[in-house]
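S.K.: In the working numbering, the protein residues as written are 42 to 197.
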Ligand SMILES: [Zn+2]
């Protein structure tokens, strides 16, 4: 009875796929265009149960295939990022009679509590770098890493 709920129904499998392209401007603003597709299989009712009919659920009216275009914009102020997401349905094929979602608009704020420095950036800035990529170990002279004490390695 895995996947069946107490009403003797099983929700359809969900498959989703998305492709996106993004561009960043001045390390602060970004634009992302995402093309999303979702396929939901029909709901199934358990054998010898007509509870679905009892609750007025028509299994023939479940399951759908959708294609959405969702452009997203975001802007960062230091550790704070504000984003807006718009969801525009391009194609919707639902079985039977169902309530479908129209266009959706989402606005949000995200805050990065921990920012990790990209070691690749450090490597590009300094001639010597700790082999463990310890933060702040970059140097232009050979020596020992101030964090872990390992011999600094020359960066090619
Ligand atoms: Zn180190």
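Even glycine gets a Cβ: it sits at the ideal position worked out from N, Cα and C. A quick note: this is a predicted structure, and the numbers were derived from the prediction, not measured.
Taking all protein chains shown into account, decide if residue 161 is buried (16 or more other Cβ within 10 angstroms of its Cβ) or exposed.
M.R.: Confidence at residue 161 is low in this model, with a pLDDT of 49, below 50, so the placement of that residue should be treated as unreliable; the coordinate-derived value is given next. Exposed, since its Cβ has fewer than 16 Cβ neighbours within 10 Å.
S.K.: In chain order, what residues of the same chain have a beta carbon less than 7 Å from the beta carbon of residue 149, not counting five sequence neighbours either side?
M.R.: Here the set comprises 124.
S.K.: Could you tell me the distance, in whole angstroms, from the CA atom of residue 59 to the CA atom of residue 103?
M.R.: The alpha-carbon atoms of residue 59 and residue 103 are separated by roughly 22 Å.
S.K.: Would residue 62 and residue 114 be called neighbours here (beta carbons separated by less than 9 Å)?
M.R.: Result no, Cβ atoms of residue 62 and residue 114 do not sit closer than 9 Å.
S.K.: With 16 as the cutoff for other CB atoms within 10 Å, does residue 111 come out buried or exposed?
M.R.: Residue 111 comes out buried.
S.K.: Sort 68, 81, 134, 145 by Cα distance to residue 120 and report the nearest one.
M.R.: Checked all of 68, 81, 134, 145; the closest Cα to residue 120 is 68.
S.K.: Quick one: does the C-beta of residue 109 sit closer than 8 Å to a heavy atom of ligand 1?
M.R.: Incorrect: residue 109 has no Cβ contact closer than 8 Å to ligand 1.
S.K.: With hydrogens ignored, establish whether the beta-carbon of residue 180 is closer than 8 Å to any heavy atom of ligand 1.
M.R.: Incorrect: residue 180 has no Cβ contact closer than 8 Å to ligand 1.
S.K.: Here's the rule: buried if 16 or more other CB atoms are within 10 angstroms of the residue's CB, otherwise exposed. What is residue 178?
M.R.: Buried, because 16 or more other Cβ atoms sit within 10 Å of the Cβ of residue 178.
S.K.: In terms of residue numbering, what span does the beta strand (DSSP E) encompassing residue 126 cover?
M.R.: Element bounds for residue 126: 121-135.
S.K.: So for residue 166, helix, strand or coil by DSSP?
M.R.: Reduced to three states, the DSSP call for residue 166 is helix.
S.K.: So, at 8 Å on beta carbons, what are the nonlocal neighbours of residue 152 in its own chain, with the 5 sequence-adjacent residues on each side left out?
M.R.: Hits under 8 Å: 120, 121, 122.
S.K.: In whole angstroms, give me the CA-to-CA distance for residue 184 and residue 109.
M.R.: C-alpha separation (whole angstroms): 55 Å.
S.K.: Check whether the Cβ of residue 190 lies closer than 8 Å to any heavy atom of ligand 1, and answer yes or no.
M.R.: At least one heavy atom of ligand 1 is nearer than 8 Å to the Cβ of residue 190, so yes.
S.K.: Could you check which residue in 82, 65, 57 has the C-alpha nearest to that of residue 135?
M.R.: It is 82.
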